[in-house]
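Data block below; observations after.
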Amino acid sequence: MRLVTGPRDEAWKGRGVAPFADFEDRVAVLTGAASGIGRELLLDLVGRGTHVAVCDVDRRGLDVAVRRARAVNPAVRVSAHVLDVSDADAVARFRDEVALAHGGDAVHLLFNNAAVAHGGSFVTGGREDWERTFAVSWYGVYHCTRAFLPMLLAADRGVVVNTASVNALWASLGPGAPHTACSSAKFAVRGFTESLLVDFRVHAPHLSAVLVLPGHVRTGMPSPPRTWRRALGSLFAGYQPVSSATAAALIIDAVRNGRWRVVIGDDAAAVDERVRADPWTAYD
């Protein structure tokens with residue numbers, strides 16, 4: 000399993016973002032926390048003494064995750080909020096609830112983790128699945144970042160962590176397997192996050208952004224089809240999926256050490272290197 004921070008670690012040394020080393024008594028907002036990477040991020044954060052506001056559409060899963068988090072560290076505040084991040088009005092209410100629950104106007108960490116994966120073919124697939132995937136996986140990131148930006152600006156230090164996907168690097172699931180809605184949304188997340196790096200440096204230098212590009216991680220999301228192991232000429236046919244806990248630990252480590260680009264898993268690392276080396280034939 001690999002963590003990649005740039006084309007070559009030494010070449011990118013010194014070109015990251017400011018480390019965020021102190022998590023204790025900070026306030027984090029985390030979407031998609033009922034399962035998978037989101038739940039593991041929650042458990043990691045509370046273990047570091049971070050107060051966390053979590054949201055998901057899955058009330059039951061969210062309740063279980065919050066109970067586990069409170070058992071890990073009863074001293075921190077963990078507030079649970081059931082909402083759909085594709086709904087801008089619901090996200091605005093979420094922001095107001097977070098301010099009340101956590102007693103302040105500042106948020107230090109925003110983890111945009113919520114996503115869905117449907118709408119494979121734009122040509123033959125249904126419009127509803129396609130637009131639902133794009134709305135959650137892209138507009139959820141946009142709505143939450145827009146809503147919580149004033150609270151991030153009010154903090155002494157802040158980080159926006161956006162979980163994209165290996166499909167923000169390569170818009171396919173292998174031979175004959177289009178993945179248009181998810182790839183479109185994740186390419187948008189990637190461009191937005193990289194744009195924020197520049198925007199924050201100019202207009203809010205106490206803020207930074209982190210782009211997460213995971214490959215196949217064991218979560219509640221659907222596993223890639225069999226074509227994934229045959230992708231790019233079976234380049235990573237022997238890969239093993241990464242656990243949600245491992246992915247969460249790598250994300251927190253990147254935030255803590257000031258790495259703005261996190262590629263997780265052997266499959267994602269292979270795609271990243273292959274597409275960079277020869278983008279012209281990536282879809283042949």
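Note that numbering that gives the first Met the number 0 gives residue 269 to position 270 of the sequence shown, counting from 1, and the numbers run on in steps of one. Idealized CB from N, CA, C, for every residue including glycine.
Cβ-Cβ separation between W227 and L172: approximately 6 Å, consistent with a contact (criterion under 8 Å).
Relative to the Cα of H178, the nearest Cα in the group V197, F235, D266 and V115 belongs to V115.
The residue from D57, C181, A170 and V209 with its alpha-carbon nearest to that of Y282 is A170. With contacts defined by Cβ atoms closer than 9 Å, F93 and L82 form a contacting pair. Sixteen is the threshold: since fewer than 16 other Cβ atoms of the shown chains lie within 10 Å of the Cβ of R200, the residue is exposed. R260 carries a strand assignment under DSSP once its states are collapsed to helix, strand and coil. When the five nearest sequence neighbours on each side are left out, the beta carbons in the same chain lying within less than 8 Å of the beta carbon of S78 are those of V51, A52, V53, E96, V97, A100 and H101, in order along the chain. Closest by C-alpha distance to A269, out of L61, L212 and A27, is L212. The Cβ neighbour count for A74, taken over all protein chains shown within 10 Å, is under 16; the residue is labelled exposed. Here the alpha carbon of N72 sits roughly 14 Å from the alpha carbon of R25. For the 9 Å CB-CB criterion, A27 and L42 do not form a contact. The DSSP-derived three-state label of D86 is coil. A check of alpha carbon separations from F22 across A267, L40, S120 and Y138 identifies L40 as the nearest. Closest by C-alpha distance to G139, out of L151, H215, A244 and T162, is T162. DSSP, reduced to helix, strand and coil, places S171 outside both helices and strands of the structure shown, so it counts as coil. Separation of the CB atoms of D271 and L168 is rounded to 5 Å, and the pair is thereby assigned contact status at 8 Å. The Cβ neighbour count for H117, taken over all protein chains shown within 10 Å, is at least 16; the residue is labelled buried. A check of alpha carbon separations from R217 across G232, D198, A230 and Y238 identifies Y238 as the nearest. With respect to the 9 Å criterion, N112 and T49 are not classified as neighbours on the basis of their beta carbons.
Taken through DSSP and simplified to helix, strand or coil, H178 comes out as coil.
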